[in-house]
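So the protein sequences, as listed, match chains A and B. Here our numbering is used: position 18 in the first sequence is 215, and no number is missing along the way. Here our numbering is used: position 239 in the second sequence is 221, and no number is missing along the way. Have a look at the structure below, then the notes.
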Amino acid sequence: MSNGKQVVELREALRQAIDEEMERNPNVFVMGEEVGEYNGAYKVTKGLLDKWGPKRIVDTPISELGFAGLCIGAAMTGLRPIVEFMSFNFSFVAADQLISNAIKMHYMSGNRFSVPIVFRGPNGAAAQVSSQHSHCVEAIYGNLPGWIILAPSNSYDAKGLLKSAIRENNPVLFLESELSYGDKMEIPMGEYLVPIGKARIVQEGQDITIISHSRMVNVCKEVVKELAKSGIKAELIDLRTIKPLDIATIAASVKKTNHAVLVEEGHIFAGIAAEVAFQIMESCFDYLDAPIERVGQRETPMPYSRVLEQETLPNVNRILKAVYKSLHQV
Amino acid sequence: MSVSTSPHMFKVDRQAVIKQLGPDNLKECLRRMLLIRNFELRAEAAYQQGKIGGFFHAYIGQEAIQTAAVQALGPNNWYATSYRTHALALLLGATPEELMAELFGKATGNAKGRGGSMHFFTERLLGGFGIVTGQVPIATGAAFTIKYKGIKDEVSICFLGDGAVPQGAFHESLNLAALWDLPCIYVIENNKWGMGTAVERAVSVPYLAEDKAPGYNMKGYTFDGMDFFTCYGGFDHLFHEVLETERPVLVEVITERFKGHSISDPGLYRSKDTLKQVMQRDPIIIMQNALIEAGIITVEEIKALDKSLRESVLAAIDFADKSPWPDPQNLEEDVFAP
Chain A
198 MSNGKQVVEL REALRQAIDE EMERNPNVFV MGEEVGEYNG AYKVTKGLLD KWGPKRIVDT
258 PISELGFAGL CIGAAMTGLR PIVEFMSFNF SFVAADQLIS NAIKMHYMSG NRFSVPIVFR
318 GPNGAAAQVS SQHSHCVEAI YGNLPGWIIL APSNSYDAKG LLKSAIRENN PVLFLESELS
378 YGDKMEIPMG EYLVPIGKAR IVQEGQDITI ISHSRMVNVC KEVVKELAKS GIKAELIDLR
438 TIKPLDIATI AASVKKTNHA VLVEEGHIFA GIAAEVAFQI MESCFDYLDA PIERVGQRET
498 PMPYSRVLEQ ETLPNVNRIL KAVYKSLHQV
Chain B
-17 MSVSTSPHMF KVDRQAVIKQ LGPDNLKECL RRMLLIRNFE LRAEAAYQQG KIGGFFHAYI
43 GQEAIQTAAV QALGPNNWYA TSYRTHALAL LLGATPEELM AELFGKATGN AKGRGGSMHF
103 FTERLLGGFG IVTGQVPIAT GAAFTIKYKG IKDEVSICFL GDGAVPQGAF HESLNLAALW
163 DLPCIYVIEN NKWGMGTAVE RAVSVPYLAE DKAPGYNMKG YTFDGMDFFT CYGGFDHLFH
223 EVLETERPVL VEVITERFKG HSISDPGLYR SKDTLKQVMQ RDPIIIMQNA LIEAGIITVE
283 EIKALDKSLR ESVLAAIDFA DKSPWPDPQN LEEDVFAP
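Take a look at the structure:
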């Protein structure tokens, strides 16, 4: 810790964001399973119960439908809930409240009620947690208007984006990754925000654009390093915000590189990559020198075995293959 | 079996209610019930003329319940209900004009033509919810806000049908409300039918509040929903009990819907004789007779009142008819709050 900087794990960055926003606004509270006395299933809310007490750090029974809906009702009546899903897989139990109420309310009520709420928690695969605990939900929910969907890949963005999310007056899905909670990074000591709706160019390059989000950005960084060894300069874009999509940043890059590979941890069919690719087609059709390539989870439920899990998830080799194919170097 | 063998119908002294409310309030309550009835009958006719589309669920037969509840609690509480929402919106101050315009899908509608019959709102009405039981966690959340903010003179009141009782959201909400001492009144309006499925074929216990409430460490009540005075006395009691105990309660209000589940339901599962018998206990007739008997209103006055309400509803239809359509150019506005 020096020069106003601190090195923090991603979970600590999230904790700071929550803590700072709770300090800033007394209507902000946290609700979820094991967020209080257990200090969070992944320790994101560690110490917050001691600091803020049970009124604002609310442990729930296993009732996702009930407490997600309760928090939507609380948001409609003046509070600003942060709902922790221990895993976004459990959000499916609450899907009716998320889909029928949270994202419909402002429009459906003729602007009478808004729903300032953040649903956050780990999304996607962890380590061998098998078929029912490994879903990526961004494409499933992203199909529906009304969501802001954020998926940071590092501590800096996680803190700044979560603070923006908590100040947002609309429902936010804030997607984390269990495998990234321990990732360390130097971030400022002081307060900062990361704006919603802005992608980040992680690495500049002119030969090909690789676009990803969340944990897969780190896998893509490995790919960029590999490509550099053979003289290929890839530009890597971290979406950070999935919805609304920052197509301007993406298009500017693709117009420069004329090649694009899209990488997401979730499934291909009607996935985030499908949407990004279509929007690239809409704005960069004449600039593309090759069909857009995409790499996602293969068309299987998540298998338990480590060998099979690695096989179904996107990995460096599969992404490299896609890059070479795009560059006609197969 | 530990289920109740008979409901303990909440007893109310009608004369005491008449004395408590006084002639002006009682006449106003009758006026509201007649307004709801006239509004829905005229809206049904407009539906048949093709002026209104989509789903349309009438409250006809159940008017005493929400009229009494709003009278007992006052408007400054959080309210939520199912898709059978016309009455509660009128009771909470939405005008017949804005509601009719909403049914017509017009720009001047209660929800700018975006909600329709199932989604009416007021400053304190959180909605009209289209998915069975969807409003129950929401109302529980409003009660959470009341407690969080330390407000001592408000409750949240949630209306739901008997069809919502078997849903998971009902169970989870009541458990949370009881666990956390949330000031919420859950009102099961048991009109005996979840669409075309009789309540006996849907719920495993006979008395929806009295049998269910103990499982949530809550008190359970049963009201006669056809009698305004019982409902008023009951809700008045519950309101003060919840304010005092800061605990949720569950009440079953036994009622009848005189129409189908929705406008497209011919009600073939219910015999004409049964329906005829059911309609003998019309809550509006019961109320009228009581007020006539008490010398508060005359038959002629009721006729004049009914006529003036019919005219005001016809004026609302005229307003809706003449109102502009929403501008398609604004279609994509307001998905997000500013």
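The C-beta atom is built at its ideal place from N, Cα and C for all residues, glycine as well. What you are looking at is a predicted structure, and each value in this text was computed from that prediction instead of being measured.
Proximity of residue i and residue j at Cβ, strictly below 7 Å
| i | j | result |
| --- | --- | --- |
| Ile167/B | Val118/B | no |
| Ile269/A | Asn222/A | no |
| Lys440/A | Gly307/A | no |
| Ile314/A | Ala272/A | yes |
| Glu171/B | Val114/B | no |
| Val405/A | Val520/A | A small fix is needed here, since residue 405/A is Ile in this sequence, not Val. Cβ distance < 7 Å, so Ile405/A and Val520/A count as in contact. |
| Leu232/B | Gly202/B | yes |
| Arg14/B | Thr49/B | yes |
| Glu432/A | Ser409/A | no |
| Asn367/A | Ala319/B | yes |
| Phe38/B | Ser99/B | yes |
| Pro78/B | Ala286/B | no |
| Cys333/A | Glu462/A | yes |
| Gly95/B | Pro306/B | no |
| Leu390/A | Lys360/A | yes |
| Gly229/A | Ile120/B | no |
| Gly263/A | Leu85/B | no |
| Ser411/A | Ser374/A | yes |
| Ala348/A | Leu372/A | yes |
| Ala151/B | Met200/B | no |
Cα-Cα separation between residue i and residue j, rounded to whole angstroms
| i | j | result |
| --- | --- | --- |
| Ala238/A | Val224/B | 35 Å |
| Val277/B | Gly4/B | Here the sequence assigns Gly to residue 277/B, which means Val is not the residue at that position. Between Gly277/B and Gly4/B, the C-alpha separation is close to 11 Å. |
| Gln262/B | Ala124/B | 37 Å |
| Glu10/B | Asn58/B | 18 Å |
| Val241/A | Ile266/B | 57 Å |
| Ile0/B | Leu23/B | 28 Å |
| Gln403/A | Phe475/A | 21 Å |
| Leu358/A | Val205/A | 16 Å |
| Pro319/A | Gly343/A | 21 Å |
| Met198/A | Leu459/A | Annotation note: pLDDT 45 at Met198/A (below 50); position unreliable, coordinate value reported separately. If I take the Cα positions, the gap works out to 36 Å. |
| Thr237/B | Leu73/B | 19 Å |
| Met302/A | Gln(-3)/B | 43 Å |
| Ile398/A | Val416/A | 15 Å |
| Val317/B | Leu190/B | 38 Å |
Member of the options whose CA lies at the smallest distance from the CA of residue i
| i | options | result |
| --- | --- | --- |
| Gln526/A | Glu506/A, Gly468/A, Leu424/A and Arg491/A | Leu424/A |
| Tyr29/B | Pro310/B, Glu315/B, Leu313/B and Ala302/B | Ala302/B |
| Glu154/B | Leu370/A, Val421/A, Leu485/A and Pro258/A | Pro258/A |
| Ala292/A | Gly463/A, Ile337/A and Phe310/A | Ile337/A |
| Ala471/A | Phe482/A, Glu490/A, Ser480/A and Ser350/A | Glu490/A |
| Gly201/A | Glu383/A, Leu442/A and Val227/A | Glu383/A |
| Pro321/B | Ala184/B, Asp300/B, His222/B and Ala25/B | Residue 321/B is absent from the structure shown; chain B starts at -17 and stops at 320. |
| Ala322/A | Lys522/A, Arg515/A, Leu524/A and Gln507/A | Gln507/A |
| Ala494/A | Met478/A, Glu479/A and Phe466/A | The sequence given here places Gln at residue 494/A; Ala does not occur at that position. For Gln494/A, the nearest C-alpha among the options comes from Phe466/A. |
Any C-beta of chain A under 7 Å from that of residue i
| i | result |
| --- | --- |
| Asn312/B | no |
| Ser155/B | yes |
| Asp316/B | yes |
| Lys94/B | yes |
| Phe152/B | no |
| Gly116/B | yes |
| Leu142/B | no |
| Phe103/B | yes |
| Gly4/B | no |
| Pro306/B | no |
| Leu70/B | no |
| Met(-17)/B | Residue confidence is low: Met(-17)/B scores 48 on pLDDT, short of 50, so the model does not pin down where it sits. Its coordinate-derived value is still stated next. So no, Met(-17)/B is outside the interface. |
Closer than 7 Å to chain B by CB, residue i
| i | result |
| --- | --- |
| Asp537/A | The displayed coordinates of chain A run from 198 to 527. Any statement about residue 537/A would go beyond what the structure contains. |
| Ser361/A | no |
| Thr438/A | no |
| Ser311/A | yes |
| Met219/A | no |
| Thr274/A | yes |
| Asp256/A | no |
| Ala262/A | Checking the displayed sequence, the identity of residue 262/A turns out to be Leu instead of Ala. Judged by the 7 Å Cβ criterion, Leu262/A is in contact with chain B. |
Between the segment 266 to 283 of chain A and the segment 63 to 71 of chain B, do at least 3 Cβ pairs fall closer than 8 Å?
no
Evaluate contact between the segment 199 to 210 of chain B and the segment 43 to 59 of chain B, counting only Cβ atoms and requiring at least three cross-stretch pairs below 8 Å.
yes
Answer yes if the segment 16 to 23 of chain B comes into contact with the segment 210 to 217 of chain B, meaning at least three C-beta pairs across the two stretches below 8 Å, and no otherwise.
no
Take every Cβ of the segment 450 to 458 of chain A, pair it with every Cβ of the segment 482 to 501 of chain A, and state whether three or more of those distances are shorter than 8 Å.
With a cut-off of 8 Å, the segment 482 to 501 of chain A and the segment 450 to 458 of chain A count as touching, because enough Cβ pairs lie within range.
Given 8 Å, three or more beta-carbon pairs between the segment 493 to 503 of chain A and the segment 326 to 334 of chain A
yes
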